Every structure is written in C-alpha cells, then in structure tokens.
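Engineer: In our numbering, the protein residues as written are -4 to 54.
Glycine included, every Cβ here is placed at the ideal spot set by N, Cα and C.
Note that the structure is predicted; figures quoted are calculated from it, not measured.
(1) Cα-Cα, which of 43, 38 and 33 is closest to residue 19?
(2) Would a check of beta-carbon distances place residue 3 closer than 7 Å to chain B?
(3) Count the other CB atoms within 10 Å of the CB of residue 44; is the residue buried (16 or more) or exposed (fewer)?
(4) How would you label residue 23, buried or exposed, when you count the other beta carbons within 10 angstroms and need 16 or more for buried?
(5) Helix or strand or just coil, what does DSSP make of residue 30?
What follows is the structure, encoded as structure tokens:
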C-alpha cells in the first residue's frame, strides 16, 4: 500500500493536504516513490483535492 510513504513525506515537509496538489512526479521520486503506479495514485488523489467532486452543489 501507500502507507509506507508516510515517513518520507514527513521528512520532505509534506505534512498536510495543502502541498499535495503541488507535487510532481520528480518530487515523488526524491521522496522514494519509485513505482509508477504508486506515483499515479498519489498524483491523481492529490489532483482530486484541487477540484470539487462532480455534482457538488457548491460549484
């Protein structure tokens, strides 16, 4: 799972949700996320934090 990346994220100063949408694959590589599938899942999840869910009445 992705839970093993908690410590590298903390060490890199990514301790809250506000920085996640700004991450790029290069950042993830520096933090030790080398598996492409894991990078994709993290980046897609981070991107979803930036835009409200489809059908959200607050749009």
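Structural biologist: On the basis of the supplied data:
(1) 38
(2) Within the model displayed, chain B is absent; a lone protein chain is all it includes.
(3) exposed
(4) buried
(5) coil
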